[in-house]
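Heads up, this note's numbering is the position in the sequence shown plus 6, with the first residue counted as 1. By construction, the Cβ of each residue, glycine as well, lies at the ideal position given by its N, Cα and C atoms. Since we're looking at a predicted model, the values are computed, not measured. Note sheet for the following structure.
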Amino acid sequence: MRISYDPQDIQEMARQVAKEIMPLLLAEMRAVVKHQPTPVSKPEQPKAVITPSAAGAVVARTGLKALTGLSPTTLWRMEKKGQFPRRVALSSGRVGWMRAEIEAWLETRAAA
């Protein structure tokens, strides 16, 4: 058995569906949006505390940014060119910079 519909009948069915179903869909969407949790902003990174120099002190990457004001990428490029002190491996996944070397490097920058 084959059923054929007149294009006007199809349009009328579409209007009827839109009239009856769209309010239900909109209500459901509003309920979902209303109950979504409030987005939580990323916690602010703690500022590196700069303390007086200690012999053998190591500066972590976050402290390095606070000391120099330069981005990690800029420091990496300068390090590769030999224009910045080399990092030291603290463990297999952690590096640091000797504070005395960073301070000496900063002194040379201030003199330039």
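Quick one: is residue i buried, meaning 16 or more other Cβ sit within 10 Å of its Cβ, or exposed?
{"i": "R115", "result": "exposed"}
{"i": "I9", "result": "exposed"}
{"i": "L32", "result": "exposed"}
{"i": "L30", "result": "exposed"}
{"i": "W82", "result": "exposed"}
I'd like the list of long-range same chain contacts for residue i, defined as Cβ closer than 6 Å, with 5 residues on each side in sequence excluded.
{"i": "W111", "result": "P91"}
Comparing alpha-carbon positions, which option in the options lies nearest residue i?
{"i": "A106", "options": "S98, S97, V64", "result": "V64"}
{"i": "A95", "options": "A66, L30, E113", "result": "A66"}
{"i": "E109", "options": "A20, L70, V23, R21", "result": "L70"}
The alpha helix (DSSP H) that contains residue i, what's its start and end?
{"i": "R83", "result": "78 to 86"}
{"i": "A33", "result": "13 to 40"}
The beta strand (DSSP E) that contains residue i, what's its start and end?
{"i": "G102", "result": "100 to 104"}
For the segment 17 to 37 against the segment 68 to 82, are there 3 or more C-beta pairs whose distance is under 8 Å?
no
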